[in-house]
Amino acid sequence: MSPAPSDLAMLGGAPAVPRGLPAPRWPVVTDADEAAVLDVLRDGALTSVGRGDNEVARLEREWAAYCGVGHAVATSNGTTALALALAALGVGPGDEVVVPALSFVASALAPTHVGAVPVFADIDPEHYLVDPAAVRAAVTPRTAAIMPVHLHGLPADMAELTAVAGGHGLAVVEDAAQAHGARYRDTPVGGLGDLGVFSLNASKNLPTCGEGGLITTDRPELGRRALLLRQFGEDLNTDERAYVSATAGFNAKLSAVQAAFTRSQLARFEATAAGRERAVRRFLDRLGALPGLVPPRALADRTHAWHLLRFRIDPAAAGLDVPAPRLRAALQRALRAEGVPVGPYQVAPLPAQPLFADGGGWRPAFPPVPVLDPAATPVAARTIEETFVLQKVHLDPGNDGLLDRYATAAEKVWEHLTVLAEYADRMEYRPPWARPAGRRVRPVAEGAR
Ligand SMILES: *Cc1c(COP(=O)(O)O)cnc(C)c1O
69 MSPAPSDLAM LGGAPAVPRG LPAPRWPVVT DADEAAVLDV LRDGALTSVG RGDNEVARLE
129 REWAAYCGVG HAVATSNGTT ALALALAALG VGPGDEVVVP ALSFVASALA PTHVGAVPVF
189 ADIDPEHYLV DPAAVRAAVT PRTAAIMPVH LHGLPADMAE LTAVAGGHGL AVVEDAAQAH
249 GARYRDTPVG GLGDLGVFSL NASKNLPTCG EGGLITTDRP ELGRRALLLR QFGEDLNTDE
309 RAYVSATAGF NAKLSAVQAA FTRSQLARFE ATAAGRERAV RRFLDRLGAL PGLVPPRALA
369 DRTHAWHLLR FRIDPAAAGL DVPAPRLRAA LQRALRAEGV PVGPYQVAPL PAQPLFADGG
429 GWRPAFPPVP VLDPAATPVA ARTIEETFVL QKVHLDPGND GLLDRYATAA EKVWEHLTVL
489 AEYADRMEYR PPWARPAGRR VRPVAEGAR
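Our numbering puts the first residue of the sequence shown at 69, with every later residue one more than the last.
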């Protein structure tokens, strides 16, 4: 006997996940983390100026060793780390950087921060990673670098991508902001390209208590350049700080407090990741049994850091004849009402962000302007319409039983799949990037004119 439609919380039933449970928290802050931060405050060495040994330098050594590379440079956040990595390579005005059409906006902003132009390559529909064939097609005589993103924790196809780069003499910068500890053919991410970039933002798998970033490289010259670009372009080969700037650098230093917190988290990173792996696998086993729900998968030659989980809705696999974007929207609404906070990750392909699409506040130093249309990268657009994600904060093994509750709620929603398919057919629908009138973001430059 199938339950009555009114069981659905969306239609007035009781939610499957009881309201008022404690909100999941990330990062988990232990006594050891607090003590590490206090030690820095009491010690007084708060910044990473120069070459002296301090918490920042210790974090750099530990992270370089973890990634199996010779050098790591800590920065103020992941976005500055991306820009510094590009700047260390000498990427600047006149250059193009190939980036995926689906990523966090920082992947596309970083090239603009050094005066270069991001050129967008579409993704593959199964793992949502940049498609090497699309990267190859995006290469022009102006291309200086390609920036694969290990999206959601799964490493990109680095063998294919380094082959494309090698064939054209291009540098590779890995955006590993979501993939700390993931491995591709047994090599940790961050050690696969010329440089690797990590975010230590509090939301990421290896967090700090705020903002931070890390650059990795096995090439001493790039490590040295990243280090001096981090600090005003200063010559750091003096025992006492000389205040001599050889190049136009940034101030992108990490504070010692942030470094100490991350070192403390790093000490139990492997154990946390293993616990998350077990919790996520159990969750995905249950959700993978629901017809028409396609869970994320690891691949045989790489591990998945499970930063967040993206699910695709495939109506045909459930025997339903309703457009996937509509069914996704209906299921998302039903799941949220049950207390499962799934939602979009990115509401538009990167080239359709107002920044690029409306010329908002950013003008490339030279043509061409990137293509400005969701249809230009159709797989990224379709992915955004046909998928939803569960964010990282819910995946921590310390959130006792939360994923099991979510799975039970999803199983309840799936009992009403035919009702929800009818609802999906009738509901008002617009793609996530169709911003409702009046909510258009006004570019800064427009306001200044
Ligand atoms: C978070 C993130 C960044 C930027 O990192 P911040 O530390 O927030 O500046 C860059 N790329 C990707 C893919 C990210 O998820």
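Glycine included, C-beta positions come from ideal geometry on N, C-alpha and C.
Option nearest residue i by Cα separation, candidates the options
i      : options                           : result
Gly183 : Glu454, Glu164 and Ala201         : Glu164
Lys272 : Gly81, Phe172 and Glu308          : Phe172
Glu279 : Gln414, Ala328, Gln400 and Val481 : Ala328
Met495 : Pro391, Arg473 and Ala113         : Pro391
Gln333 : Thr276, Thr315, Arg350 and Ser313 : Thr276
Asp369 : Glu242, Val108, Val257 and Pro499 : Val257
Asp254 : Gln246, Val241, Gly317 and Ala227 : Ala227
Gly235 : Ala212, Arg350, Ala151 and Leu268 : Ala212
Val312 : Pro193, Gln299, Ala320 and Gly411 : Gln299
Val117 : Ala224, Asp468, Leu295 and Arg287 : Leu295
Asp538 : Val487, Val348 and Gly301         : With the chain running from 69 to 517 in the structure shown, residue 538 is simply not present.
Asn467 : Arg346, Leu260, Ala245 and Ala231 : Arg346
Ala132 : Ala113, Ala156 and His248         : His248
Arg126 : Pro223, Ala335 and Gln400         : Ala335
Arg93  : Glu483, Ala475, Leu463 and Lys480 : Leu463
Val167 : Ala174, Val187, Gly158 and Val457 : Val187
Leu358 : Ala341, Ala385 and Leu367         : Ala385
Val96  : Thr445, Leu352, Ala270 and Leu290 : Ala270
Pro364 : His195, Ala104 and Glu123         : His195
Leu32  : Val141, Leu290 and Ala201         : A question about residue 32 goes unanswered here, because the residues of the chain that appear run from 69 up to 517.
Ile381 : Val185, Phe456 and Glu338         : Phe456
Tyr252 : Asp199, Thr371, Leu352 and Thr143 : Thr371
Ala342 : Val124, Val141, Val203 and Pro465 : Pro465
Ser144 : Ala104, Gly138, Leu268 and Leu238 : Leu268
8 Å contact criterion, which residue i and residue j should meet: CB distance rounded
i      : j      : result
Gly221 : Ala373 : 3 Å
Gln414 : Leu197 : Their Cβ separation, rounded to whole angstroms, is 14 Å, which puts Gln414 and Leu197 out of contact at 8 Å.
Ala153 : Ile283 : 5 Å
Asp243 : His218 : 7 Å
Pro419 : Glu453 : About 16 Å; that fails the 8 Å criterion.
Ala489 : Leu388 : 5 Å
Lys460 : His375 : 5 Å
Val325 : Leu470 : Between Leu470 and Val325 the Cβ distance is about 30 Å, and since that is not below 8 Å, they are no contact.
Tyr491 : Ala366 : With a Cβ gap of about 33 Å, Tyr491 and Ala366 do not count as contacting.
Leu157 : Leu290 : 7 Å
Asp286 : Val137 : 4 Å
Arg204 : Val240 : Not confirmed; about 13 Å, so no contact.
Thr445 : Pro417 : 5 Å
Val362 : Phe351 : Not quite, the Cβ-Cβ distance comes to about 14 Å (not below 8 Å), so this is no contact.
Boundaries of the alpha helix (DSSP H) in which residue i is found, first to last residue
i      : result
Glu228 : Met226 to His236
Phe329 : Ala324 to Leu334
Ala420 : Where Ala420 is concerned, there is no enclosing alpha helix (DSSP H), given that its DSSP letter is neither H nor E.
His220 : Looking at the DSSP string, His220 is not in any alpha helix (DSSP H), and its letter there is neither H nor E.
Asp111 : Asp99 to Asp111
Thr340 : Phe337 to Gly356
Ala142 : Per DSSP, Ala142 belongs to no alpha helix (DSSP H); it is in the beta strand (DSSP E), His139 to Thr143.
Pro179 : Ala174 to His181
Val124 : Glu123 to Cys135
Glu289 : Pro288 to Arg298
Leu154 : Gly146 to Ala156
Ala201 : Pro200 to Ala206
Continuous beta strand (DSSP E) stretch holding residue i: start and end
i      : result
Leu282 : Gly281 to Thr285
Gly264 : Leu263 to Ser267
Val27  : A question about residue 27 goes unanswered here, because the residues of the chain that appear run from 69 up to 517.
Ala189 : Val185 to Ala189
Arg396 : Per DSSP, Arg396 belongs to no beta strand (DSSP E); it is in the alpha helix (DSSP H), Ala392 to Glu406.
Leu377 : Leu377 to Ile381
Glu164 : Glu164 to Pro168
Ala91  : No beta strand (DSSP E) holds Ala91; DSSP gives it neither H nor E.
Ala316 : First-last for Ala316: undefined, no H or E at that position.
Thr211 : Thr211 to Ile214
Proximity test, residue i beta-carbon vs ligand 2 heavy atom, cut-off 7 Å
i      : result
Ser171 : Among the ligands present in this structure, namely ligand 1, ligand 2 is not found.
Original post:
Residue ranges of each beta strand (DSSP E) run of no fewer than 3 residues wholly in the stretch 450-513, ordered along the chain?
Top reply: Every beta strand (DSSP E) stretch that sits fully inside the stretch 450-513 and reaches 3 residues is listed by chain position as 455-458.
Original post:
Three or more C-beta pairs closer than 8 Å, one from the stretch 174-182 and one from the stretch 141-161: is that the case here?
Top reply: They touch, by the three-pair rule.
Subject >> Cβ contact check for the stretch 78-87 and the stretch 398-408: 3 or more pairs under 8 Å >> reply: Segment contact: the stretch 78-87 against the stretch 398-408, three or more CB-CB distances shorter than 8 Å; contact assigned.
Subject >> Any 3 or more C-beta pairs closer than 8 Å across the stretch 93-109 and the stretch 303-322 >> reply: The answer is no - the stretch 303-322 does not touch the stretch 93-109, with fewer than three Cβ pairs under 8 Å.
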